[in-house]
Each structure stands twice: as structure tokens, then as C-alpha cells.
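Peer 1:
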Amino acid sequence: MRFDKFTIKSQELIQNGQTLASRHHHQQLEPIHLLSAMLTEKESVARSMFRKIGISPEALVGEIAAALEKLPQVSGISEVYLSPNTKTVLETAFEEAGHMKDEYVSIEHILLALNDSRTGEAAAILNRH
Numbered sequence: 009m010r011f012d013k014f015t016i017k018s019q020e021l022i023q024n025g026q027t028l029a030s031r032h033h034h035q036q037l038e039p040i041h042l043l044s045a046m047l048t049e050k051e052s053v054a055r056s057m058f059r060k061i062g063i064s065p066e067a068l069v070g071e072i073a074a075a076l077e078k079l080p081q082v083s084g085i086s087e088v089y090l091s092p093n094t095k096t097v098l099e100t101a102f103e104e105a106g107h108m109k110d111e112y113v114s115i116e117h118i119l120l121a122l123n124d125s126r127t128g129e130a131a132a133i134l135n136r137h
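If you read the sequence shown in the numbering used here, its first letter stands for residue 9, the second for the next number, and so on.
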């Protein structure tokens, strides 16, 4: 994974997702952590995009919080790893950027990849809305 091909904002998103996973004592960074991190900032690009298509970010935040509580917890973790689903999402985001002739992977590409995902709780939440 070439993280140097991610925008600063998308790198921060991944870092924030890892921090969130660590705070919840989750061993792996799951797509649901990325979706949660996208919606943390009140004026984020993701919140704006959801509002434009008629989805309430606040409703998503509630569902995401419930999903995060259901993930298995471990104690004494020192490092959070990318789950296979997250790797797939980030690879898909990289492909989305390529299709759009963008040099760098942005949050918008990651959101598109999350929406295209067929597995995991983040995909289930997005597909319900």
C-alpha cells in the first residue's frame, strides 16, 4: 500500500481511524473505524456529501457507534493492524483515484470505496441508507 499516494487529509483519516480502534481496544482497523472517523469533524467532506444526498450524518453516527461496540475487544494491544476488509477498501479507493485520473487518493475516493464494499458493518450501514 503506497500511503504516500494518499492526500494529507486521507492519511489523517486513517490515523484517526487507528486511534479510534485503539481507544475501543480493537486489534484491527476496520472500515467502520474509517467511516466513523470521516464523520467526527462537524464540517467534514463526508458529512457534506451525505447531506447532499439526503442522508443524516447524525443518524449514521448513532448506527456506527452501536456497531463499534459490537466489535471484539482485546487488552494490551500495542499496534492496530489493517483488517483484510480495510485493505480491500483502500485498494479500491486507489483504483477509484486512478479511474478519475487523480494522482492522490482523497477522502472522497475512500468514501466511494466504502460505499462499493460488499462486506462489513460499514457497508451494511451505508447500504441501509
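All C-beta atoms, glycine included, are put in the ideal place defined by N, C-alpha and C.
Return the Cβ separation of MET57 and LEU119 in integer angstroms, given the expectation that the two are a contact with Cβ distance under 8 Å.
Peer 2: 7 Å
Peer 1: Per DSSP, which residues does LEU134 bridge with? Please list them.
Peer 2: Per DSSP, none; premise fails for LEU134.
Peer 1: Do THR48 and ASN93 count as a contact pair if the criterion is CB distance below 8 Å?
Peer 2: no
Peer 1: Just the C-alpha distance for PHE14 and ASN135, rounded to the nearest angstrom, thanks.
Peer 2: In this structure, the straight-line span from the alpha carbon of PHE14 to that of ASN135 is close to 25 Å.
Peer 1: Would you kindly check if the distance between the Cβ of LEU68 and the Cβ of HIS32 is under 8 Å?
Peer 2: Result no, Cβ atoms of HIS32 and LEU68 do not sit closer than 8 Å.
Peer 1: Taking DSSP as the reference, what is the three-state secondary structure of VAL53?
Peer 2: The DSSP-derived three-state label of VAL53 is helix.
Peer 1: Apart from the five residues on each side of it in sequence, which residues of its chain come closer than 8 Å, Cβ to Cβ, to GLU111?
Peer 2: Closer than 8 Å at Cβ, skipping near neighbours: LYS13 and ALA105.
Peer 1: To which residues of the same chain is ALA131 closer than 6 Å at the C-beta, ignoring the five residues directly before and after it?
Peer 2: For ALA131, where only same-chain residues beyond five positions count, the Cβ hits under 6 Å are SER125.
Peer 1: Alpha carbons only, please: which of SER18, HIS137 and ILE40 is nearest the one belonging to LYS78?
Peer 2: Nearest to LYS78 by C-alpha distance, out of SER18, HIS137 and ILE40, is ILE40.
Peer 1: Exposed or buried, HIS137, counting other C-beta atoms within 10 Å across all chains shown (16 or more means buried)?
Peer 2: exposed
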